[in-house]
Amino acid sequence: MGENVLLKPARAVGIVGYGVYIPQYRLPAGEILRIWAGEEGGAPVKEKAVAGLDEDTITISIEAARNALARAGIDPLELRAVWVGSESHPYAVKPTSTIVAEAVGAPVHIQAADLEFACKAGTEAMVAAMGLVGSKMGEYTLAIGADTAQGKPGDALEFTAASGGAAFIIGPAENSLALIQAAYSYVTDTPDFWRRQHQVYPEHGQRFTGEPAYFKHVTAAAQTMLEQLGTTPADYAFAVFHQPNAKFPQRVAKELGFSKEQIQTGLLSPVIGNTYAGASLVGLTAVLDIAKPGDRILVVSYGSGAGSDAFDIEVTDLIEERRKKAPSTRQYIDRRVEIDYATYARYRGKIVMK
Amino acid sequence: MEKVFIAGVGQVAVGEHWEKTLSHLSTQAIRAVLRDAGSPQPEIVYIGNFLAASISHQANLGALVCAEAGLRGVEGTTVEAGEASGAAALHMGYLAIGSGMADCVVVVGVEKMTDMIGNQVDAFAVQSGDTDFEGMQGLTYNGIAGLLMQRYLDQYQTPRESFASFPITAHRNGVNNPFALYRKALDLESYQKAPMVSVPLSLYDVPSYADGAAALVLVSRKMLRDEQKAVLVSASEVATDTLALHDRADALAFEAVRISTANALEKAGLTRDCLDLFECWDAPSIYGMLSLEAGGFVERGQGWHCATLENLALNGRLPIATLGGIKAHGFAPGAAGVYQVVDAVQQLRGEAGQNQIASAQVAMTQALSGAAASVVTHILRKG
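For the protein sequence lines, the chains are B and L, in the order given.
Here the first sequence stands for residues 1 to 354, where the numbers follow my numbering.
Here the second sequence stands for residues 1 to 383, where the numbers follow my numbering.
Spelled out as structure tokens, the structure:
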């Protein structure tokens, strides 16, 4: 490959703190099958995480950000940006990011904005954060990917559209628990999934969401990253791929040459569903919860529309003391309250009274 | 009547060609067929297509297909006969050469399914049935086939597994065909475990819609350049039945298959024993079974005893789906009838590779539209 297209900041940057939040409610796929398929047929995941009545992308972001700040051990006043990537911002106009910033104690002289790029808005926020810190315009930035994704009742997406999110404090390499050595984004105009203004539920291109969408972009981003860094799958202790269901990330990992062992820690969609802008980032938090210093991690997100962001991450010695300072991803997954379809319908506003 | 020869075949691999348009597909097949036939100049292009006007919102394919293929000015029209459109286009080409009106005709079957997704596709695909009495009631192509299969199971008390020979044969033969959508063998256990699509029709009983294009060059004797490669079209017979299933006295009879097969054999002056292979309409698998029975290859109600893996195999008594058939090739409706002929021609030319049937001389192909409402049968002989 010719031109070097990797993103590498002028100043080395990394993850100073990370945090996750997954709502406690779980809707088993069997419940959806019971209502819509007469308990016949298969499901793309085992169950999904569902936000409660008092939860939304803002509250999920705040919870995750507080966990990230706890691990980072920095003063929130040191933040210079709060960016929240989501496709379910509670307001069409009015930023999620300002509410989150004020709730976590960020100063007023910050950059704040909401990003939307289907399931990759969170990793896009990470790349922006790398840029701000990497250019020395600021020391610390908060990048979040969170969603309370909506699937149309009865649609294939209803099995997977889940709630959850992850937050990352991006800062200088010397204070990082993991270095972000490079990022790379691969983006095309591919209409595989969309939701227009005023529409409640997204639409998707069914089988078109596979080969020409997810697989093409994830594969291209990962391969370019590996080629230009001169690495092979064997160089990575872990890999995390966007996980819209259980099958896609496993297939793309296999095709790229990654083993089951490399992806299983970060593969959470079977038990929490697809947390959209949070999906690959929540997977990364699960990896950081157990990774050892020196471990290398490949993360590749995917957002419909379409694009993939790839990151090459290397864990530092600081991981050991910091990861204990907030609840682990496993703890959130284990904090599980099973609900039935009726409760889910109420919690997710699927019963319209007027 | 002038003799009609197939001087070339060309095809696009059946698949989900998201990035290709209708005319990309037809052009690719036409370029391939003209190359194969030694670059003749066609006078007419007959286009077999079923769903372009619905799925791609595109009619008037004559102009589109010819111009895109570099044949601007050439006569071009669409032939529509539901899922048998491609075979019907070949019939029109046969008439044009046979009548002496033309000496070189291109036949191209093309279908672009992936311009549309989901239920809308089914809503348009039902148009090969009776819209008022079937389509409007929600009876789809596979729905009708499911009813017929249930009727067959009830009437003859057969096990459902007796239909497995059709998809297993097709998948086994598709493995070696680079133009087939499915190149993976299928075993009985997978067939038995497959989810239902339209009870008792399972996933492996039904064809898979996909994009595709296949083409033929037809010439008269005086235009024939390569005698070695030439395949003679000995018969081309179209027959129809009632459009709606409920108008038939005997739903399992497939009268149009009976008439079309009998007429074709008579015109070709052949008996069933002369056929070295039969590219039948193998999916839905019930249609394969009913075609063998209505075509007179086996007694009514006995198909399930005779349609064994051994009998349908490449070295069996009546090889079917020799390069994957409808099932493993993938189902591009308007092109399917042409793919069948392309496969048969490869067998007769001795170019079927690992799937070659030893010294194949005579082949029959048969395309069904709807529940065999229109049936197009061709008999081909090594030239």
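Think of the CB as a built atom: it goes at the ideal place given N, C-alpha and C, for glycine as much as any other residue.
All figures in this text were calculated on a predicted structure; none of them were measured in a lab.
Whole-Å CB distance - residue i paired with residue j, under 8 Å assumed
i	j	result
Val-299/B	Leu-284/B	5 Å
Leu-292/L	Cys-280/L	7 Å
Ala-123/L	Leu-201/L	That pair is no contact at about 19 Å.
Gly-330/L	Gly-15/L	7 Å
Ala-253/B	Ala-239/B	6 Å
Val-231/L	Val-345/L	5 Å
Val-376/L	Ala-125/L	18 Å between Cβ atoms; not a contact.
Ile-30/L	Gly-10/L	7 Å
Ala-65/B	Pro-23/B	About 16 Å separates the two Cβ atoms, so there is no contact after all.
Val-338/L	Val-79/L	Rounded, the Cβ-Cβ distance is 11 Å, inconsistent with contact.
Gly-303/B	Lys-120/B	3 Å
Glu-47/B	Ala-29/B	6 Å
Straight-line Cα distance separating residue j from residue i
i	j	result
Arg-323/B	Glu-124/B	24 Å
Asp-282/L	Ala-170/L	8 Å
Ala-59/L	Ala-178/B	59 Å
Ala-128/B	Ala-182/B	13 Å
Gln-385/L	Ala-43/B	Nothing about residue 385/L can be read from this structure; chain L reaches only from 1 to 383.
Arg-11/B	Ile-180/B	11 Å
Val-341/L	Ala-251/L	28 Å
Ala-371/L	His-204/B	32 Å
Ala-101/B	Gln-264/B	33 Å
Val-20/B	Gly-164/B	8 Å
Gly-145/B	Gly-14/B	17 Å
Asp-295/B	Asp-235/B	9 Å
Thr-322/L	Arg-35/L	24 Å
Ala-286/B	Ala-185/L	39 Å
Ala-69/L	Gln-28/L	8 Å
Tyr-141/L	Gly-85/B	44 Å
Tyr-204/L	Ile-286/L	11 Å
Gly-325/L	Gly-174/L	8 Å
Ala-72/B	Tyr-140/B	10 Å
Val-16/B	Ala-68/B	8 Å
Gly-135/L	Gly-82/L	14 Å
Ile-55/L	Leu-224/L	38 Å
Ile-44/L	Ala-102/L	8 Å
Tyr-18/B	Trp-83/B	14 Å
Gln-41/L	Phe-166/L	39 Å
Where residue i meets chain L, residues with beta-carbon distance less than 9 Å
i	result
Gln-206/B	Ile-117, Gly-118
Listed by chain order, chain B residues near residue i by CB distance under 7 Å
i	result
Trp-18/L	Phe-208, Pro-212
Pro-195/L	Gly-41
Amino acids of chain B, ordered along the chain, whose beta-carbon sits closer than 8 Å to that of residue i
i	result
Pro-159/L	Result: empty, since nearest Cβ-Cβ is about 22 Å, beyond 8 Å.
As assigned by DSSP and simplified to three states, the class of residue i
i	result
His-384/L	In the structure displayed, chain L extends from 1 to 383; residue 384/L sits before or after that span and is not available.
Leu-270/L	coil
Gly-98/L	helix
Gln-11/L	strand
Tyr-339/L	helix
Arg-317/L	coil
Trp-83/B	strand
Ser-260/L	helix
Trp-281/L	coil
Pro-212/B	helix
Leu-177/B	coil
Thr-343/B	helix
Ile-110/B	coil
Ser-56/L	coil
His-24/L	helix
His-17/L	coil
Asn-173/L	helix
Lys-94/B	coil
Asp-334/B	helix
Near the ligand GTP: residue i beta-carbon under 6 Å from a heavy atom
i	result
Ser-291/L	Absent from the structure shown: the ligand GTP. Ligands present: none.
Checklist line | Interface positions of the region 128-143 of chain L facing chain B (Cβ-Cβ less than 9 Å), listed along the chain | finding: none
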